[in-house]
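Colleague: Handing you a structure now.
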Amino acid sequence: MAASTSARLFHPSSGSTSCLLPRHPKAFGDFDPKRVPNHLKKVREDWSVVFNETTPRVLDVDLVHTFEHKSVVCCVKLSHDGKCIATGCNRSAFVYDVASGEKICVLRDKNIDPGTDFFTRGVGFSPDGKYLATGDESSLVKVWDLQTQQIKATFAGHDREVYAIDFAIVGGRERE
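Dropping the structure here:
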């Protein structure tokens, strides 16, 4: 199965494609952590961190929580305010409180057959933290209301699975 070579940007109010971005020529798949100098990485038994050498580092990194999952974790995203973390797994997305490590909610589309493998490949928080968008093997982007844990909107138009999700920090309504 060939990887997608582009990304689609959707207009927030109409859901129509507003832009098609080409794939970046230097994909992250070419990354080899063994070639990173020791002063730019921190490696532990089951995790590692790589630091950007062009950005001054004033903080250090240590493991705070481990979030157990029953299936493979396909994606992880930290909320804009740093208070929540979302993971995408088989047939579901999970949201956790970063400070306590407690599970806040589990988002599952009731239309997905529980007996099949169906992976959430991308997750992303809205800037205000009220919504989580998920991308999966259906080629759809679903926007979940985290308060009600219900799907608020669904965006179609991708040719393949959706592997990456993000929201623009600034909205577009004021420009309409």
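Using full-length UniProt numbering, read the sequence shown as starting at 1 and increasing by one per residue. In this text, a Cβ means the ideal position worked out from N, Cα and C, and glycines have one as well.
Please determine, among ASP46, SER71 and LEU40, the residue with the shortest C-alpha to C-alpha distance to PRO56.
Modeller: Of the candidates ASP46, SER71 and LEU40, the one whose C-alpha sits nearest the C-alpha of PRO56 is LEU40.
Colleague: When burial is assigned at 16 or more other CB atoms within 10 Å of the CB, is ALA2 buried or exposed?
Modeller: A caution first: ALA2 carries a pLDDT of 46, below 50, which makes its placement in the model unreliable, though a value can still be read off. Per the 10 Å Cβ criterion, exposed.
Colleague: List, from N- to C-terminal side, the beta strand (DSSP E) runs of 3 residues or more that fit wholly inside the segment 45-78.
Modeller: Within the segment 45-78, the complete beta strand (DSSP E) runs of at least 3 residues are 48-50 and 75-78.
Colleague: If you follow the beta strand (DSSP E) that LEU107 is part of, which residue opens it and which one closes it?
Modeller: Run containing LEU107: 103-107, per the beta strand (DSSP E) assignment.
Colleague: Does the beta carbon of GLY82 come closer than 9 Å to any beta carbon on chain B?
Modeller: Although the question refers to chain B, the structure presented lacks it and comprises just one protein chain.
Colleague: Would you kindly report the start and end of the unbroken beta strand (DSSP E) that includes PHE125?
Modeller: Note, PHE125: beta strand (DSSP E), 120-125.
Colleague: Roughly how many angstroms separate the alpha carbons of PRO114 and ALA164, rounded to a whole number?
Modeller: So the alpha carbons of these two residues sit roughly 23 Å apart.
Colleague: Measuring straight from C-alpha to C-alpha, what distance separates ASP97 and LEU146?
Modeller: Computed Cα separation, rounded: 13 Å.
Colleague: Provide the residue span of the beta strand (DSSP E) that contains ASP166, from first to last.
Modeller: Premise fails: ASP166 is in no beta strand (DSSP E) and is neither H nor E.
Colleague: Going straight from the alpha carbon of ASP60 to that of LYS42, what length do you get?
Modeller: Each residue's Cα considered, the two are about 9 Å apart.
Colleague: Say whether the segment 103-114 touches the segment 124-131, bearing in mind that this needs 3 or more beta-carbon pairs closer than 8 Å, one atom from each stretch.
Modeller: In short, these stretches do not touch, since the Cβ pair count stays below three.
Colleague: Kindly list the residues whose CB is nearer than 6 Å to the CB of LYS142, restricted to its own chain and excluding five residues on each side of it in sequence; keep chain order.
Modeller: Once the five neighbours on either side are set aside, the close Cβ partners of LYS142 are THR134, ILE151 and THR154.
Colleague: So residue 179 is in the beta strand (DSSP E); what residue range does that whole segment cover?
Modeller: Outside the shown range of the chain (1 to 176) lies residue 179, about which nothing can therefore be said.
Colleague: Give the range of the beta strand (DSSP E) segment to which GLN150 is assigned.
Modeller: It spans 150-155 - the beta strand (DSSP E) in which GLN150 sits, taken as one unbroken run.
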